[in-house]
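In this text, residue positions in the sequence shown follow the working numbering: the first is 33, and each later residue adds one.
We put the beta carbon where it would ideally sit given N, CA and C, even for glycine.
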Amino acid sequence: MARLEGIKPMLKSGNPLADQLMSVDVLGSTVTVTKAAAWSLPGGALSIFYSRFEHNDVSGCPIGAARPIDAIRRAADLVVRAFQQRRPITDTHVLQSKGDVSHWVFQWALDVFGLDGTRLMRREG
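Structure (structure tokens):
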């Protein structure tokens, strides 16, 4: 992170929000980019890559839960099962995995994993 702080002046876009560094842990390594760099990739703010950085901050959880760990575990389990069974994730699978977790917290957890929580949870609101 110290090296990134050193090159930060070269990454200035003139917009303090776009120059903000965003980090996420991926398989034990930390990936850090500026918000502007993540946004400039194909898909922009709608890309899975950007969403992974944007929604990784727990403080962004809609109801302010300090550690929505149960929702994260359920979402991770959903993704792993779908991968192992080589099947797409449907709204039915999502609703079965949700359990008693709050709708908004689980939707946020799906967004953290790059899934479209809004679309997948459309049958419940």
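Could you check which residue in A103, G76, M54, G75 has the C-alpha nearest to that of T66? M54
With a threshold of 8 angstroms, establish whether the CB of L110 neighbours any heavy atom of the ligand ZN. Because no ligand of any kind appears in the structure shown, any question about the ligand ZN cannot be addressed here.
Can you give me the start and stop residues for the alpha helix (DSSP H) that G149 sits inside? 149-152
Does the count of Cβ pairs from the stretch 68-76 and the stretch 105-124 closer than 8 angstroms reach three? no
State the DSSP-derived secondary structure class of S134, mapped to helix, strand or coil. coil
Rounded distance between the beta-carbons of A103 and V133, thought under 8 angstroms: 5 angstroms
Whole-number beta carbon distance between R106 and F138, since they are thought to touch under 8 angstroms: 7 angstroms
Counterpart residues of L53 in DSSP-defined beta bridges: T66
Through-space distance from D143 to T122, alpha-carbon basis: 14 angstroms
Using the Cβ count rule (16 or more neighbours within 10 Å means buried), how would you classify P48? exposed
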